[in-house]
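Below you'll find the structure, written out as structure tokens, and then a few comments.
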Amino acid sequence: MATDHDATPSPKPECTEESPSVPTPRTAPHPFDKPSADVVIRSCDLVEFRVRSHILMEASPVLETMLAQPPPPHQQPAPAWARKQTSSSPVLELQEDGQTLEMLLRICYPIVSPESYASPGEVESALRAAMKYEMALPIKVLGDYVKSTIAPDSPLQAWAIACRLGLEYLATHAAQESLYHSDIDFAGLGNMEGITAGQYYRLMEYRQKNGDVAENYLLLKPTLSSEEQEATNASSSDSPPSPPSFPDMPGANLICRSSDGIEFRVRKDLLWDASWELRQTIQAAERAHNAACKAGSSSSDEDEDKDMPAMPRVEIGEKAAVLAQLFSFYRLGRDYQFPSQDIHTLANVMVAARKYNAHRLYELAQLRLSPLASSSPLRTYIVTVTRGLDDCARAAARKAIDLPLETIYLEELEQCPALAYHRLLSYRMACQSIAKDYLQAIYCSPSRLVTPATPGNIASPAPPPCASTSAAPPMPSVSRAPRVSVPFGDLQSGRFRSSSPWLPTYVASICEDASTCPGTAMRKQRKVFVDATTAGNAWCSQCQLLASDLLKLRSGLLSIPTKASENLFLRSQPKHCIPYINPIK
1 MATDHDATPS
11 PKPECTEESP
21 SVPTPRTAPH
31 PFDKPSADVV
41 IRSCDLVEFR
51 VRSHILMEAS
61 PVLETMLAQP
71 PPPHQQPAPA
81 WARKQTSSSP
91 VLELQEDGQT
101 LEMLLRICYP
111 IVSPESYASP
121 GEVESALRAA
131 MKYEMALPIK
141 VLGDYVKSTI
151 APDSPLQAWA
161 IACRLGLEYL
171 ATHAAQESLY
181 HSDIDFAGLG
191 NMEGITAGQY
201 YRLMEYRQKN
211 GDVAENYLLL
221 KPTLSSEEQE
231 ATNASSSDSP
241 PSPPSFPDMP
251 GANLICRSSD
261 GIEFRVRKDL
271 LWDASWELRQ
281 TIQAAERAHN
291 AACKAGSSSS
301 DEDEDKDMPA
311 MPRVEIGEKA
321 AVLAQLFSFY
331 RLGRDYQFPS
341 QDIHTLANVM
351 VAARKYNAHR
361 LYELAQLRLS
371 PLASSSPLRT
381 YIVTVTRGLD
391 DCARAAARKA
401 IDLPLETIYL
411 EELEQCPALA
421 YHRLLSYRMA
431 CQSIAKDYLQ
441 AIYCSPSRLV
451 TPATPGNIAS
461 PAPPPCASTS
471 AAPPMPSVSR
481 APRVSVPFGD
491 LQSGRFRSSS
501 PWLPTYVASI
511 CEDASTCPGT
521 AMRKQRKVFV
531 DATTAGNAWC
541 SQCQLLASDL
551 LKLRSGLLSI
561 PTKASENLFL
571 RSQPKHCIPY
581 INPIK
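In this text, residue positions in the sequence shown follow the UniProt record's numbering: the first is 1, and each later residue adds one.
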């Protein structure tokens, strides 16, 4: 039988210097291992570089300032590896890893520098650190390396480095080098971290114009005219917008403060019952308020009692416009009518409603958002995908496939991750390809469809559309040919059976439309046409063949969404990026 003593876990042995689990600093390779050096630079992965302080001071004014300051006093006991003194020289701990620091120091030291580096990622890390410590020589050397070595072979990699580091001259050079590459694959950039959709758009625009842009054209941020710049400066200096209208609730016993500093007086019981997250926040605020009141009651200072808040105050990390809608919904319940709001407020309200379990409010905001997805699908997609509203983003993406997305610029692109924008463009291209290829596969390629035979057994093209402004041709006469029963089946066969000269041209035009606006291909046929083609007894043999072919065409058009869905699959996405969208339904 186990005793209390047996059940008590024994204390873990304290880590000592000899313990194998304790990391030990290691010395950097030559020439950063000389004992005569007067400063030790320690990287975040515990690589110690013994360097000359005067070289550091000349190379970096930031490091010069750091070396001139006295070391800060340690508030906590140093770890075991720090208690083991490896040198009597002062130690300067930096946040960069050993590989990055070695690259910078080899450039600064009077030694032969390496002619090449392992990867663009390592160059980017070293260049970022050089900019952080204001090291002019490494910035010049590494920047020239990106331009001369990385950009010619991998212009997108060089452009991505420039985007993440904010180097316009490197971005321009990389964009110029990209013009020598007919195709560039954005997927090779991975998750495109640190790149915005606006920068992505401007690189595509630069390539579409073959570099023929204005002299002041910028790739990393929007190019503003003098009037736009003045308007931007004026808007930034304007007073903040007025708070939303929200009357104090009767019997209010709680103050809620928004993230932009607006206070709402509400009833605690409404918020308490509505959301578990709000209940926990209120409980914490009440404890703090009670403690402050207790401390105030024991104090003899009358000013403190006078300044004591009468109600608990809760800090909620939502903007006032969002809290006004949330509290109005809690107060009115089923009688709440969602006011007309802009798309950003709607999306923010949906995020807050999902966070605080206000499902009905979420549905109301989604209903308001639905018409915007039809009128402005690209903006709706960008706003919703950046807030993690995947369902709304998918719906907007399906409506955006018929837009010339590469030519539409919106301010919201500057706040959207490039990966989400890239996925939308890829989705549109996939829908275009699937719609066109599937139609051509069904009908054995419109360019080879059966057409009326001519002398010599040579197929003649369909006649061009009549452009004459003269009187309309006479109506066709009713055929007197005997009516026979011709089945409408055999939708699996690809080649049409009728000899109508315009049908191949008509199908070819649908395929062309599908290659640019895949969504329109599914809207070519109408129910009234389907009803007419199924009236088999009213058609002669040739007309029935034509009707059968048209019905086959419609069946293929309606099959495009299913075929597209079979060929596009969901992909895992980083946070706040839409999963790869299933095509149109």
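Backbone N, C-alpha and C fix where the C-beta goes; we use that ideal spot for every residue, glycine too.
From a predicted model like this one, the values you see are computed outputs, not experimental measurements.
Rounded to whole angstroms, ARG398 and TYR201 show a C-alpha spacing of 20 Å. Taking a 10 Å sphere around the C-beta of SER116, we find fewer than 16 other C-beta atoms and assign the residue as exposed.
No Cβ-Cβ contact shorter than 8 Å links ILE41 with CYS108.
In the structure shown, THR27 falls within a strand segment according to DSSP collapsed to helix, strand and coil. Short of 6 Å from the beta carbon of LEU271, and not among the five residues preceding or following it, lie these beta carbons of its own chain, in chain order: LEU278. Contact between CYS392 and THR407 does not hold, since their C-beta atoms are separated by about 24 Å, which reaches or exceeds 8 Å.
Our two residues, ALA400 and LEU203, have alpha carbons roughly 21 Å apart in a direct line. Rounded to whole angstroms, SER60 and PRO138 show a C-alpha spacing of 10 Å.
Secondary structure note for CYS416: it is in no beta strand (DSSP E), with a DSSP letter that is neither H nor E. In the three-state DSSP reduction, GLU93 falls in the strand class (E or B). ARG257 has GLU263 and GLU315 as its beta-bridge partners, per DSSP. The straight-line gap separating the alpha-carbon atoms of GLN280 and ILE316 is approximately 12 Å. Residue pairing from DSSP leaves PHE327 without any beta-bridge partner. Residue environment analysis places ILE382 among the buried positions, since at least 16 neighbouring C-beta atoms fall within 10 angstroms of its C-beta. Nearest C-alpha to ALA310 among GLY198, LYS294, LEU63 and LEU405: LYS294.
Cβ-Cβ distances below 7 Å link ALA396 to ALA373, PRO377, THR380, TYR381 and THR384 in the same chain, with the five nearest sequence neighbours on each side left out; the list follows chain order. Taken atom to atom, the span from the alpha-carbon of ALA324 to that of PHE246 is near 6 Å. Bounds of the beta strand (DSSP E) holding VAL51 are 47 to 51. At a Cβ-Cβ threshold of 8 Å, LEU179 and ALA160 do not count as neighbours. For ILE161, the enclosing alpha helix (DSSP H) stretches over residues 155 to 165. Taking C-alpha positions only, GLY194 is separated from CYS163 by approximately 7 Å. Boundaries of the beta strand (DSSP E) around ILE41: 39 to 42. Burial of ALA171 is indicated by the presence of at least 16 other C-beta atoms within 10 angstroms of its C-beta. When DSSP states are grouped into helix, strand and coil, THR516 belongs to the helix group. Contiguous alpha helix (DSSP H) elements confined to the stretch 381 to 412 occur at 390 to 400, taking only those with 4 or more residues. Rounded to the nearest whole angstrom, the C-alpha separation of LEU553 and SER182 is 36 Å.
Cβ-Cβ distances below 6 Å link LEU346 to ALA365, ARG368 and LEU369 in the same chain, with the five nearest sequence neighbours on each side left out; the list follows chain order. It is roughly 12 Å from the alpha-carbon of THR149 to the alpha-carbon of HIS173. Under DSSP, THR196 forms a beta bridge with PRO417. Inclusion of SER43 and GLY121 in the CB contact set at 8 Å is not warranted, their separation being larger than that value. The DSSP-derived three-state label of PRO120 is helix.
Between the C-alpha atoms of VAL47 and GLU93 there is a straight-line separation of about 10 Å.
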